[in-house]
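Undergrad:
In this note's numbering, the protein residues as written are 18 to 81.
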């Protein structure tokens, strides 16, 4: 299973469905979303970092 799919499955369990996941290779991930609170952002980034193969997580605000 790809890194993107593993991240999306984990975020769906947290009921965070409106997030776009972009894998740039080498374990670098960008998450794109709009209107998330600071607590939600921290939770999503922390959850993404626990996925095997993820080495770097960047965040962008915008429409997923």
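We put the CB at the ideal spot given by N, CA and C, even for glycine.
These numbers come from a predicted model, not from an experiment.
#1: How many angstroms separate the CA atom of residue 161 from the CA atom of residue 28?
#2: Spatial neighbours of residue 33 within its chain, please: CB distance less than 6 Å, with the 5 preceding and 5 following residues excluded, ordered by chain position.
#3: Do residue 43 and residue 67 have their C-beta atoms closer together than 8 Å?
#4: Pull up the DSSP beta-bridge partners for residue 76, would you.
#5: Give the DSSP-derived three-state secondary structure of residue 39 in the structure shown.
TA: On the basis of the supplied data:
#1: This structure cannot speak to residue 161, because the chain is shown only from 18 to 81.
#2: 61
#3: no
#4: According to DSSP, which records beta bridges pairwise, residue 76 is partnered with 48.
#5: The three-state reading of DSSP puts residue 39 in strand, counting E and B together.
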